[in-house]
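Per my numbering, the very first residue in the sequence shown carries number 371; after that it's consecutive.
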Amino acid sequence: MMGAFLSRALVYAFKLECFLSVYVHLKERIVSQILFTYLHRMVFGYAFPAYKCFKTVETNKPDRDHLLFWCHYWILVALITVLERIGDAFIPWLPMYSEAKVALYIYLWYPKTYGTIYVYNSFLRPYVSKHEKRIDDNLEELKNRVATIAIVVWQKAAHYGQARFFEILEYVSSQSASSSRPQSAQAFANKDM
């Protein structure tokens, strides 16, 4: 009986050890894969294009088309970054999701594809042009709401700060008044002697 229990315990311990070693291996692999694709995205999505953009801007007479290309690229990167935050919350489990993001960045600036021009002119420009009035109205409304909220928050903060300042002054004056009374009472008592 004890031998059967011991053999089952050893089997379970072995299975647990195997599971843990596979888990640790997969965890290390996933972490290294995420780090690897993150670094590639930083290099190929931001650093290299930023350097190419810098070189375009710093030439003696930058070509208007190159400047326009890099403006379009950075507009798309900003949009992708916003959408990426949403996608990272819902679909990071898709196979090759991180690698697809790196490939998208490379597709956008790669000299043989110049995907920026295609994506901007085929998708972004028509969509924004169609909804530009509504986008501008919403941004104006948002700006007004933010300004109103900022004023209210500033007023509340000023009122709170003023109230706390007066409380501190009141506390300090009560402390100085209570500590000066015994000295003055002692001085009065010394005069009588």
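For each residue, glycine too, the CB sits at the ideal point set by N, CA and C.
Would DSSP call residue i helix, strand or coil?
i: Lys-500; result: helix
i: Tyr-484; result: coil
i: Ile-521; result: helix
i: Asp-433; result: coil
i: Leu-464; result: coil
How many Å lie between residue i and residue j at the Cα?
i: Ile-521; j: Ala-417; result: 39 Å
i: His-442; j: Phe-424; result: 15 Å
i: Trp-524; j: Glu-537; result: 20 Å
i: Ser-544; j: Ala-533; result: 16 Å
i: Phe-439; j: Phe-535; result: 55 Å
i: Pro-419; j: Trp-479; result: 7 Å
i: Lys-526; j: Pro-496; result: 44 Å
i: Ile-519; j: Asn-491; result: 37 Å
Considering Cα atoms alone, identify which of the options is closest to residue i.
i: Arg-411; options: Lys-503, Tyr-475, Pro-462, Leu-438; result: Tyr-475
i: Arg-450; options: Leu-464, Gly-415, Phe-460; result: The question names Arg, but residue 450 is Ile in the sequence shown. Measuring from the Cα of Ile-450, the nearest candidate turns out to be Gly-415.
Near residue i, which residues of its chain fall below 8 Å by C-beta distance, leaving aside the five closest residues on each side in sequence?
i: Val-498; result: Ile-505
i: Val-472; result: Thr-407, His-410, Arg-411, Phe-414, Gly-415
Please go through the same chain and pick out, in chain order, the residues whose beta-carbon is closer than 7 Å to the beta-carbon of residue i, but skip the five residues on each side of it.
i: Thr-426; result: Pro-432, His-436, Leu-437, Trp-440
i: Tyr-477; result: Thr-483, Gly-485
Taking 8 Å as the cut-off, does the segment 502 to 517 touch the segment 465 to 473 (at least 3 CB pairs, one atom from each stretch)? Three or more beta-carbon pairs separated by less than 8 Å are not found between the segment 465 to 473 and the segment 502 to 517, which leaves the two stretches without contact.
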